[in-house]
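Number of protein chains: 4
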Amino acid sequence: MRFFSDNAAPVSDAVLAAMAAANAADAAYDGDALSCRLDDAFSDLFETRVAALWVATGTAANSLALGALCPPWRGVVCHRDAHINNDEAGAPEFFTHGAKLMPADGAGAKLMPEAIAAVIDLIADDVHRVQPAAISITNATEYGLVYTPDEVAAIGALARARGLGLHMDGARFANAVASVGCAPADVTWRAGVDVLSFGFVKNGGMSAEALVFFRPELAAEVAIRRKRAGHLLSKGRYLAAQIHALLADDLWLAHGRAANDAAARIARGAGAARLVHPVQANEIFVRLSEAEAAALRAQGFGFHDWAPGEARFVTSWNQAEGEVDALAAALAAL
Amino acid sequence: MRFFSDNAAPVSDAVLAAMAAANAADAAYDGDALSCRLDDAFSDLFETRVAALWVATGTAANSLALGALCPPWRGVVCHRDAHINNDEAGAPEFFTHGAKLMPADGAGAKLMPEAIAAVIDLIADDVHRVQPAAISITNATEYGLVYTPDEVAAIGALARARGLGLHMDGARFANAVASVGCAPADVTWRAGVDVLSFGFVKNGGMSAEALVFFRPELAAEVAIRRKRAGHLLSKGRYLAAQIHALLADDLWLAHGRAANDAAARIARGAGAARLVHPVQANEIFVRLSEAEAAALRAQGFGFHDWAPGEARFVTSWNQAEGEVDALAAALAAL
Amino acid sequence: MRFFSDNAAPVSDAVLAAMAAANAADAAYDGDALSCRLDDAFSDLFETRVAALWVATGTAANSLALGALCPPWRGVVCHRDAHINNDEAGAPEFFTHGAKLMPADGAGAKLMPEAIAAVIDLIADDVHRVQPAAISITNATEYGLVYTPDEVAAIGALARARGLGLHMDGARFANAVASVGCAPADVTWRAGVDVLSFGFVKNGGMSAEALVFFRPELAAEVAIRRKRAGHLLSKGRYLAAQIHALLADDLWLAHGRAANDAAARIARGAGAARLVHPVQANEIFVRLSEAEAAALRAQGFGFHDWAPGEARFVTSWNQAEGEVDALAAALAAL
Amino acid sequence: MRFFSDNAAPVSDAVLAAMAAANAADAAYDGDALSCRLDDAFSDLFETRVAALWVATGTAANSLALGALCPPWRGVVCHRDAHINNDEAGAPEFFTHGAKLMPADGAGAKLMPEAIAAVIDLIADDVHRVQPAAISITNATEYGLVYTPDEVAAIGALARARGLGLHMDGARFANAVASVGCAPADVTWRAGVDVLSFGFVKNGGMSAEALVFFRPELAAEVAIRRKRAGHLLSKGRYLAAQIHALLADDLWLAHGRAANDAAARIARGAGAARLVHPVQANEIFVRLSEAEAAALRAQGFGFHDWAPGEARFVTSWNQAEGEVDALAAALAAL
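Chains as they are written, first to last, in this note's numbering: chain X, -4 to 329; chain S, -4 to 329; chain U, -4 to 329; chain V, -4 to 329.
Structure (structure tokens):
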């Protein structure tokens, strides 16, 4: 029973079918019909004109976005525990040619305007200090918290006031939107987000993430930099097909909702006292003694030892109900 | 009738089936069973112990390889018309952090030791000049020529004598090996190649190329740099599956042979006088007047206007026999 | 009365005289007689065979050193308040092509092995995390503390145990050595330092710092990278001349001692209660109310408002005795 | 008798005196009075409002200029034999983060619009090809040719028509202006030059070159990148002093004229038949057999063996008349 990572889950049948359906010769790179329809598909979803690019990984999406918002000699404010700071092997530094990540603090890996301002206010405005150029937030956060539209808007207002770009790492955007129940637009461009990394791989996709530019004029340069980074696949139609399959009939949202529901049931089983963070999306961080962790593993549950006395469980879009119930019960029984 | 590019061809059923078969949850990234078996699979094929990494594009494979062989402050000798010099948007410069490509000349985009030495010999050995660190050759070349094992070995000897690494861009390695009829080992490590970009996407794959390290100690650093470049896919098993499917029963070679045979038939149809380069793999460069090109297009043939009076036709692994015969006949009839 | 920065002080007459004496035509770049004698001069000083390179700024010295010790995809542990982290505009990231600075804590900007280990121990050993490659310490620190040979040796032992390089930013190396009273070798290579940025500009020089390699085999690559960074001056003999003038008869040490002595007198005037940090070199951090700061400025003292309620005074190699006494008295009188 | 390089010549007394006169404490970095007056001084010289920055080397000046005109993913058209392409160890690639130099041909290392257009016209406008962003010309060229204002203007017009920036490497700008006899403005901004590297080191300076921005809005970013590259000297006033000394009373121009006159006399001595290139500035390329070269060396002349059968002589701002006459006579006597 796999609660280790949503990265390890299968691909949805709809996605596989769409990929198979794309298996006729077409134009190479992103000149095919499916790729060319991405701008429209995302513009519909976000209720405004956007430009969109597919890439194969969230790391590439994030790093290309940051490269578009931050020159080599400036910095990006992000949470200390953000994926871009901790789990991408320095990809943001690589793609930006050495920009500096500027870590800020906040409970549950969630950034608030005060924490961001505290980082920026310390930076004297002279050539000796690296100046910030952008803010990056993760929604849902590394610890499964989500931002309301108002919370993002407050950060967006700060970004505008300071002349900074705003990026959202939405590796689990589906879980975040499903959790808050808002329109995708509300938590992105209406709240000041310039570029969104819209994740599909953790949510039933295979190898396609989207970069969504709410300032569409940014996309042309990123398209060049995507090629320069080796991220322009020659058979791009199979990536576009994945995205279209998940956007159709809001399948992405249904998947996100399913994973969230599973997590909520597990959280209820665990009981509030065990939870390290509120469970708002599809991650459950639980206080576990070593013996308890061993007992759960003995029952067949796979999960991540996050820190001493703390374990992470992640539910996937297709998590079997029986597994969810079993884990909830096992946690309740501890 | 598509002779525009082997990049636009479909994916083979065997590959699609292998991907579907990989659709059970497994470890993320490259910790899955299929990815872990790649070293063995390529070691068997190359009759020596190698290390292998999958990536999604040939550009990424080439650039990661060059990064492993060349520090930022040195250079890579390659043909002036090489893909790495002309068609990868500066990816080699990006991945190497600014190494210099050092173009050499040669008929049919094929490098000979004399041409390489001519470039190197001009470079004074002081700190003012960028010093070479590696040689990169393309097999089959941009113009469809192939290297014999002896030809590669001569370059390998030069590389060793000058202390340079040797990379082979094998985007069409299958066509090259099928053409020469040698063992894959003969034209690679036995001839002094350090790293091979082994292409599958043009040859029936979807989104998987392999980096094969004949000096396996190079792979660990490249694995880090692959992640740093956003090229470590979280569901890597679907890439490994593609490669295993094409390696099984030498399907890769059968595909390469099929494309080559189609090209040979078209070349015979065109007649030697029309051929700009000898046809040794799956590309046919043909002298065509504007009127002739228009006439062929009117008959439904799609191809690339390479240069004034010159067109490029590329055959794919699954090129329909009828299309091939039709093109051969049409060219003969001009 | 200038206590703002040792960067603003004049150049010593000995240095100016040596530069004038170098004003005959000689070989360009670093092929001149003075440049060629640097290795010997520093080898004598450090009682071991070293290689040395001149550069024009401490930022260049530090960044070239870090580039030699850390590849683009790894990191450098340093104090959060280190010059390389805060005051060099991202030069370390530029020269290393995007390596990550990994800030550690410690009173007075001084690193202790425990603090370094605490940073490293959090870094999981996988491709997702940037791995450390080096440690950089500053001696004297940003707040004027100095390291004893034993303290450096403890860090050196940690570095060796973890396979990390060790760099010392010695922008105020003279003040540090003068303060501790040890041999230069004791606090550098004998304690495990691999590369030293040996500062002369703050200490009576004009535009010459030295990079001293205790692993001389590192110097050849850095010589290339120095040129590539535009730091190989064509009339290098004027830089070498500065260094030789300051090394001669240990003038560098006399200068450092003079500045330290001035600082000690000012510290005594201020009284221990006012001192934010122990005064061990040539910087005095003093608690000052706004009114007190204004009063001192009204008396003609120039200094830096470091933080609310805190001011920094820096003494220079040639600080006039009268100015020192006046400041000591003024602080005592507050 | 040194005709090896103008890089090896002494520093003029006026420069040394100005440096000594700057030896009072002042603000650090470029906040001092001399540095602050540079914009005005160059604005006067160029008869328009410019922004200027000092740096210590021509390589740094060129590379910072190119970084301002060209993003990492584009390219700079320059002559194949340009200093930036051949003699700066890849510094342009370093400072631009991997932009591509795009070599064009032309007699005497001089670029003409046709040659530039020929390079650009071959570059298909798609994401696979590196697109040009700037043109860089060298005046005087590597082979001592100079551009007339009309010639630069033709390149400037091409640059504007193609949307490219235009940089002039003026390491020997003094020799070029002295040779043509135009106003400095005529051959720079009036002809479309955006940024000039204005060399002083080869012309009586010690360690100061100027970056002159005819689009002053470019300077702020370059000031940041100068610091980031370790090129902001903390005692910058000594660099500014050098520049002011050479600008005063057009000393720079007198020096350039002197070197040119010496070269002209040597060229006359050599006779037109021996000259590889017309002698328009301070370099003389002469056809010499090995025996002749040896004979000249035996007479005490130092020079550079440029290529088989070809030697380079460079005159300096202070070349002694006797040396010049001796060389002219010796060449005439061959």
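We put the CB at the ideal spot given by N, CA and C, even for glycine.
Note that the structure is predicted; figures quoted are calculated from it, not measured.
Just the C-alpha distance for residue i and residue j, rounded to the nearest angstrom, thanks.
i: Asn81 (chain V); j: Glu318 (chain U); result: 53 Å
i: His74 (chain U); j: Ser131 (chain U); result: 8 Å
i: Gln294 (chain S); j: Glu305 (chain S); result: 18 Å
i: Asp244 (chain U); j: Ala156 (chain X); result: 57 Å
i: Asn255 (chain U); j: Ala77 (chain U); result: 21 Å
i: His299 (chain S); j: Met201 (chain X); result: 32 Å
i: Asn2 (chain S); j: Cys31 (chain S); result: 27 Å
i: Gln234 (chain S); j: Val125 (chain U); result: It should be noted that the sequence gives Leu, not Gln, for residue 234 (chain S). When rounded, the distance between both Cα atoms is 25 Å.
i: Ala328 (chain U); j: Thr54 (chain U); result: 38 Å
i: Leu96 (chain X); j: His162 (chain X); result: 13 Å
i: Ala224 (chain S); j: Val45 (chain X); result: 26 Å
i: Gly93 (chain V); j: Asn313 (chain S); result: 39 Å
i: Asp116 (chain S); j: Asp100 (chain S); result: 14 Å
i: Asn57 (chain X); j: Glu88 (chain X); result: 11 Å
i: Ser7 (chain S); j: Met14 (chain X); result: 13 Å
i: Thr143 (chain S); j: Ala171 (chain S); result: 9 Å
i: Leu372 (chain U); j: Ala173 (chain U); result: Past the edges of chain U, shown from -4 to 329, lies residue 372 (chain U), and the structure says nothing about it.
i: Pro66 (chain S); j: Ile219 (chain V); result: 26 Å
i: Ala16 (chain X); j: Arg252 (chain S); result: 27 Å
i: Gly266 (chain V); j: Val10 (chain V); result: 35 Å
Taking residue i as the query, report the chain X residues whose CB atoms sit under 7 Å from its CB, ordered along the chain.
i: Met334 (chain S); result: Outside the displayed range of chain S (-4 to 329) lies residue 334 (chain S), so it cannot be described from this structure.
i: Lys222 (chain V); result: Val122 and His123
i: Lys95 (chain U); result: Gly85 and Glu88
When burial is assigned at 16 or more other CB atoms within 10 Å of the CB, is residue i buried or exposed?
i: Gln237 (chain V); result: buried
i: Val109 (chain U); result: According to the sequence shown, residue 109 (chain U) is Glu rather than Val. Its Cβ having fewer than 16 others within 10 Å, Glu109 (chain U) is exposed.
i: Gly331 (chain S); result: This structure leaves residue 331 (chain S) out entirely; chain S is present only between -4 and 329.
i: Pro303 (chain V); result: exposed
i: Ser0 (chain S); result: buried
i: Thr292 (chain V); result: For clarity, residue 292 (chain V) is Arg in the given sequence; the question names Thr instead. Label assigned to Arg292 (chain V): exposed.
Taking the beta strand (DSSP E) that residue i falls in, what are its first and last residues?
i: Ala288 (chain X); result: Looking at the DSSP string, Ala288 (chain X) is not in any beta strand (DSSP E); the run it does join, the alpha helix (DSSP H), is Glu285 to Ala293.
i: Lys222 (chain V); result: Not the beta strand (DSSP E): Lys222 (chain V) falls in the alpha helix (DSSP H), residues Ala214 to Arg223.
i: Gly200 (chain S); result: No beta strand (DSSP E) holds Gly200 (chain S); DSSP gives it neither H nor E.
Name the two residues that bound the continuous alpha helix (DSSP H) containing residue i.
i: Gly62 (chain V); result: Gly53 to Leu64
i: Trp247 (chain U); result: Leu246 to Ala265
i: Ala112 (chain S); result: Pro108 to Asp116
i: Pro87 (chain U); result: Ala86 to Thr91
i: Arg269 (chain V); result: Element bounds for Arg269 (chain V): n/a, residue is neither H nor E.
If I'm right that residue i touches residue j with Cβ under 8 Å, what's the distance once you round it to whole angstroms?
i: Trp68 (chain U); j: Ala51 (chain X); result: Contact doesn't hold; Cβ gap of about 20 Å is too wide.
i: Leu106 (chain S); j: Ile150 (chain S); result: 7 Å
i: Ala323 (chain X); j: Gly264 (chain X); result: 3 Å
i: Tyr138 (chain U); j: Glu278 (chain U); result: 7 Å
i: Asn198 (chain S); j: Leu153 (chain S); result: Not confirmed; about 29 Å, so no contact.
Using the beta-carbon of each residue, which ones in chain S are nearer than 8 Å to residue i?
i: Asp21 (chain X); result: Ala3
Could you work out which residues of chain V lie near residue i, taking near to mean beta carbons separated by less than 9 Å?
i: Asp82 (chain S); result: His123 and Arg124
Can you name the residues of chain V whose CB is closer than 7 Å to the CB of residue i?
i: His92 (chain S); result: Gly93
So with CB distances below 8 Å, who are the chain U contacts of residue i?
i: Trp68 (chain X); result: Ala84, Gly85 and Phe89
i: Ala306 (chain V); result: Here the premise fails: no neighbours, minimum Cβ distance about 17 Å.
So which residues on chain X does residue i lean against when the C-beta distance must stay under 9 Å?
i: Leu227 (chain V); result: Val122 and His123
Which chain U residues are close to residue i, counting only those with a beta carbon under 7 Å from its beta carbon?
i: Ala218 (chain S); result: Val122
Can you name the residues of chain V whose CB is closer than 8 Å to the CB of residue i?
i: Asn18 (chain U); result: Pro5, Val6 and Leu11
Starting from residue i, find everything on chain S with Cβ-Cβ shorter than 7 Å and list it in chain order.
i: Ser58 (chain X); result: Gly225
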